[in-house]
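Chains as they are written, first to last, in my numbering: chain A, 51 to 370; chain B, 2 to 614. I have placed the structure first, in the form of structure tokens, so that the comments after it can refer back to it.
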Amino acid sequence: MADTTNKKLRVIYGDVTLGVQSDRVQYIFNYTRNGLESLVVDGKEWLYRTPLPTFWRATTDNDRGNGFSQKSVQWLGADMFMKAAGATVKIDGEPIDLPIAPGNNQYSDHEYADSVAVTVHFTTATIPTTAVQVEYRIAADGTLTMHVHYTGNANLPDLPVFGLRLIMPTKAVRYTYQGLSGETYPDRMAGGVPGTYTIQGLPVTPYLVPQDNGVHMATDWVEVVRATTQDNTQLTPGEFGLRISSVDAPFAFSCLPYTAEELENATHIEELPPARRTVLSILGAVRGVGGIDSWGADVDKPYHIPAGEDIDFSFKVAPL
Amino acid sequence: MLPAHSDHRFYQHYHEIAGEHSSLAQSLNGTWRFHFAPNPQARLQDFWQADYDLSGFDTITVPEHVEIAGYDKLHYINTMYPWEGHHFRRPAHTVGQDTSGTGMFSTAPDNPVGQYALDFTLAPAFAGKTVTVQFAGVEEAMYVWLNGHFLGYAEDSFTPSEFDLTPYLHAGANRLAVEVFKRSTAAYLEDQDMFRFFGIFRDVTLLAKPATHIEDLHIQPTLADDLQSGVVKLDLTCSPVAAGSTVRAIIRDDEGETLMDTTQPAAAAQSFTSDTLVHVHLWDHHHPYLYQLYLEVHDAAGQLVELVPYQFGFRTITIDAQKVIRLNGERLIINGVNRHEWDDERGRAVTAADMDEDIRIMKTHHINAVRTCHYPDHISWYDRCDVNGIYMMAETNLESHGTWQKMGAIEPSYNVPGSVAEWRAAVLDRAQNNYETFKNHTAILFWSLGNESFAGDNIAAMNAYFKKVDPTRLVHYEGVVNDREYEDRISDVESRMYAHPEDIVKYLGNHPKKPFLLCEYMHDMGNSLGGMKAYTDLIDRFPQYAGGFIWDFIDQAIAVTDPVTGQKVHRYGGDFDDRPADYEFSGDGLLFADRTPKPALQEVSYYYGRYDK
Chain A
51 MADTTNKKLR VIYGDVTLGV QSDRVQYIFN YTRNGLESLV VDGKEWLYRT PLPTFWRATT
111 DNDRGNGFSQ KSVQWLGADM FMKAAGATVK IDGEPIDLPI APGNNQYSDH EYADSVAVTV
171 HFTTATIPTT AVQVEYRIAA DGTLTMHVHY TGNANLPDLP VFGLRLIMPT KAVRYTYQGL
231 SGETYPDRMA GGVPGTYTIQ GLPVTPYLVP QDNGVHMATD WVEVVRATTQ DNTQLTPGEF
291 GLRISSVDAP FAFSCLPYTA EELENATHIE ELPPARRTVL SILGAVRGVG GIDSWGADVD
351 KPYHIPAGED IDFSFKVAPL
Chain B
2 MLPAHSDHRF YQHYHEIAGE HSSLAQSLNG TWRFHFAPNP QARLQDFWQA DYDLSGFDTI
62 TVPEHVEIAG YDKLHYINTM YPWEGHHFRR PAHTVGQDTS GTGMFSTAPD NPVGQYALDF
122 TLAPAFAGKT VTVQFAGVEE AMYVWLNGHF LGYAEDSFTP SEFDLTPYLH AGANRLAVEV
182 FKRSTAAYLE DQDMFRFFGI FRDVTLLAKP ATHIEDLHIQ PTLADDLQSG VVKLDLTCSP
242 VAAGSTVRAI IRDDEGETLM DTTQPAAAAQ SFTSDTLVHV HLWDHHHPYL YQLYLEVHDA
302 AGQLVELVPY QFGFRTITID AQKVIRLNGE RLIINGVNRH EWDDERGRAV TAADMDEDIR
362 IMKTHHINAV RTCHYPDHIS WYDRCDVNGI YMMAETNLES HGTWQKMGAI EPSYNVPGSV
422 AEWRAAVLDR AQNNYETFKN HTAILFWSLG NESFAGDNIA AMNAYFKKVD PTRLVHYEGV
482 VNDREYEDRI SDVESRMYAH PEDIVKYLGN HPKKPFLLCE YMHDMGNSLG GMKAYTDLID
542 RFPQYAGGFI WDFIDQAIAV TDPVTGQKVH RYGGDFDDRP ADYEFSGDGL LFADRTPKPA
602 LQEVSYYYGR YDK
């Protein structure tokens, strides 16, 4: 074996997982869970479940009026029932076979690398299917860069949204972002004033019938701050945060205590379950909200998400 | 019932004006005795008698909706009539000759009745004067008695109804009895898209009229063609008139400079005309300059007995040869909203604080115009619009979409008012109530004939009425788009609702017959209001495009405490076991029902701000 001890990242070649450790951040990729199962920063866990691609938005009144949700209903199933088709791993840029036994018997407890990349291949539960890749790249300094790719398929209906959904174990105290004021959408962002904004709690915009809300377009970065964990040894460790930042282009996001499906199921805001998690969706494509009327007029064409075109987006995840 | 007249307030002394505490007015708001009858048969037949034993009565607050007080079921429904699925009805005289519909409402099982009684003590200063009672808003039909004497009947829920009490009034204790029906034939004309309430929901006031009283006032500020100078003509009607009394008319500018001070003997009908006023300040959104009028009535001994203050402005609203709407000669751009009166605790019984907040939000976000959808508002709302430069489309209380809009189809087989002769007087009365009450408000640029009532001879007659009584303003009606035969007889403007931008381009790009405006657009239901730029771009492209009124200003939903979570939450149609319902369709505001702004408001502020000039 080559001497790798001068490299920055420690790699643990497990039988089910791949562990990657830097000074402050420890990652565990789980091949049976289709991605990153654990993201620990300074001893605090940031993931409740593996991040998954997201396709659905809770039906807006406009979507309901023009029948969009019926036309695009396949994406609801895809959102809820993602199917993975395997993963690939690169160490220092070189592809390796999935390092599980017996192949991983070659490794030791002292394995190091300058970069690790794990790509999870998903297949959508749609007819026809299409492919989505979620790539995790960990640099020598422990920073995670994610790249998400949607493969266009013109035989599928317009998408309600496309993004990557990270669910955090407890409800955030607040989030701060650099982007546009207020809740913005591609066809409703002219009035958004650029700046840095802090949103206390995780408010759900109280539309009479719960629906998609809280999207922030054109964001440079967002910091999520929590103060609680599920770790019985440190349930209230004081505030700690994680920063998501843009790589080559601003991104859109929403940070809510609910998934699209939870919002979809409620007819009133008080029917939503008690807020206990943080659902951070980093969005590569957002459908407009429309506004001509609420009983048939479609969202303007430029603000659709046509299924036939590829979608790519990237963002960085780092400790505060 | 007294004829409709101007909405001026009258006082005895100057010092009463600032606090609006007239010693000639006595509020009857407060706690009234109340009996709820679930249908007309269950009414207490004699409750109006002077000595009726009220000990078995409940109490209710006036003003308040009966449903908010908990007596009748809350119900939200849009176009469908509220009896849909419960009773078969057709408006009288619409489907054959023998369809007068006698008893359709007066004996209907779904027509609850509120029986109100109030024992009040007449203010000692009122003794010996003519005294009337004014109901500012009662939905939807009412009978009134004083001390056992029948005074009259009124419909038209949203304009004042005033009755003369003098012949039956006692010094000291008196009893007023009011019987309010939830439904009447007026129900066909008041099918507005809103919670369906009934009861006394606006102020009730006793008015003491001095020996000479200004009953009606018509202020007519007229500008010369160059918009530099002007003349004010005042037409007054006095009733009663005491011999030897005089009326003094004073006009001052906003710095207190007196521009007119003329005294005439009081007469049943008289006019004042000012000298030519030079360098007149014009009124508009940015400079809502108002002149102050005082009318002093003096008795034969020279004593001041009545004082009427009124503020008015100079402005012109015209359509030029190129079909461009011009305010004071400048192109008018309407950055408007439709506004239902709403308070999530009180429904349409809005408060001064509600109205002040609405004005503040409008001014903060470059909203310069309001359509009083779809009925006349609280009188003080018009004052606020005058003072704050909010352009008004003053809509008549008329909406009958349930008679012609059915499951998306246009099917007017039993439309009212249509051209049905028997319905004409009712809608003309509504037009007249709207005009006579609000005619002095500078902010009103458009009279609106109503909303979504289709088109016919009766709407044309309303249009003709407004044209006859008020050549200084424009008349608006949208429904004529459904019957182009009436195009030349109804509406000065081409008005549409929710038109797609490309359809507007088609109209405006093809030698438009009229200026174009959107009486409703940008339907802000839930998370909406995307794509507003497509509309504001039309402002740059077409001078004949005058902008529009967003639908709408505030969500209509009711605040309740959720029994499961204990949270204060908002409920909408269907949440009260009210069926059929139109659910959240009344949640289309730029504000949530508690007046917190929706996220979309910043977008409106941005686009309206770009055209706020």
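For each residue, glycine too, the CB sits at the ideal point set by N, CA and C. These numbers come from a predicted model, not from an experiment.
Query	Result
Short CB-CB distance (under 7 Å) between Ala-167 of chain A and chain B	no
His-354 of chain A: contacting residues in chain B (beta-carbon distance under 9 Å)	Near His-354 of chain A there are no residues of chain B at all, since even the closest Cβ is about 12 Å away, more than 9 Å.
CB contact below 7 Å: Thr-537 of chain B versus chain A	no
DSSP bridge partner residues for Ser-420 of chain B (one or two, in chain order)	Answer by DSSP bridge pairing: none, since Ser-420 of chain B is not bridged.
For Ala-250 of chain B: DSSP bridge partner residues	B:Thr-263 and B:Leu-296
For Val-338 of chain B and Arg-372 of chain B, the rounded distance between their alpha carbons	6 Å
CB-CB length for Asp-668 of chain B against Gly-610 of chain B, believed under 8 Å	Limits of chain B in this structure are 2 at one end and 614 at the other, which puts residue 668 of chain B out of reach.
Residues near Thr-167 of chain B in its chain [Cβ-Cβ closer than 6 Å; skip 5 each side]	Thr-131 and Val-132
Contact check, Met-463 of chain B vs Leu-446 of chain B, beta carbons under 7 Å	no
Short Cβ contact (7 Å threshold) for Gln-183 of chain A with Arg-224 of chain A	no
With 16 other Cβ atoms within 10 Å as the buried cut-off, status of Thr-213 of chain B	buried
Rounded C-alpha distance that separates Leu-294 of chain B from Asp-226 of chain B	23 Å
Against chain A: residues of the region 578-601 of chain B by CB proximity under 7 Å	Glu-585, Gly-588, Phe-593, Pro-600 and Ala-601
Below-7 Å beta-carbon distance, Ser-331 of chain A vs any chain B residue	no
Straight-line Cα distance separating Pro-307 of chain A from Ala-357 of chain A	28 Å
Tyr-15 of chain B, buried or exposed, once every other Cβ within 10 Å from all chains shown has been counted against 16	exposed
Cα-Cα separation between Ser-295 of chain A and Phe-301 of chain A, rounded to whole angstroms	8 Å
Alpha-carbon to alpha-carbon, Ala-163 of chain A and Met-51 of chain A	With a pLDDT of only 47 at Met-51 of chain A, under 50, the local geometry of the prediction cannot be trusted, and the value read off the model is given with reservation. Taking the straight line joining both Cα atoms gives about 13 Å.
Sequence-distant residues of the same chain with beta carbon closer than 6 Å to Gln-280 of chain A, five excluded per side	Pro-219
Whole-angstrom distance between Ala-310 of chain A and Asn-434 of chain B, CA atom to CA atom	50 Å
Listed by chain order, chain E residues near Arg-293 of chain A by CB distance under 8 Å	Any reference to chain E falls outside this structure, whose protein chains are A and B.
Buried or exposed by the 16-neighbour rule on C-beta atoms within 10 Å, applied to Phe-89 of chain B	exposed
Residues near Pro-266 of chain B in its chain [Cβ-Cβ closer than 7 Å; skip 5 each side]	Thr-247
Residues, ordered as in the chain, of the region 101-112 of chain A that lie near chain B by beta-carbon distance below 8 Å	Thr-110, Asp-111 and Asn-112
Val-329 of chain A - DSSP class collapsed to helix/strand/coil	strand
Proximity test, Cβ basis, 7 Å: Ala-558 of chain B and chain A	yes
CB contact below 7 Å: Asp-73 of chain A versus chain B	no
Assigned exposure category for Phe-199 of chain B - 16 Cβ within 10 Å defines buried	buried
Gln-312 of chain B beta carbon less than 7 Å from that of Leu-278 of chain B	no
Against chain A: residues of the region 515-536 of chain B by CB proximity under 8 Å	Tyr-522, Met-523, His-524, Asp-525, Met-526, Gly-527, Asn-528, Ser-529, Leu-530, Gly-531, Gly-532, Met-533, Lys-534 and Ala-535
The region 175-187 of chain B touching the region 135-150 of chain B, judged by at least three CB pairs closer than 8 Å	yes
Range of the contiguous beta strand (DSSP E) that encloses Arg-431 of chain B	Premise fails: Arg-431 of chain B lies in the alpha helix (DSSP H), 425-439, not in any beta strand (DSSP E).
Beta-bridge partners of Tyr-154 of chain B, as assigned by DSSP	B:Tyr-144
Cross-chain neighbours of Leu-258 of chain A in chain B, by beta carbon under 9 Å	Met-526, Gly-527, Asp-556, Ala-558, His-571, Arg-572, Tyr-573, Tyr-584, Glu-585, Ser-587, Gly-588, Phe-593 and Ala-594
Proximal chain B residues relative to Tyr-235 of chain A, where beta-carbon distance stays under 7 Å	Gly-531
Endpoints, the beta strand (DSSP E) within which Val-184 of chain A is located	181-188
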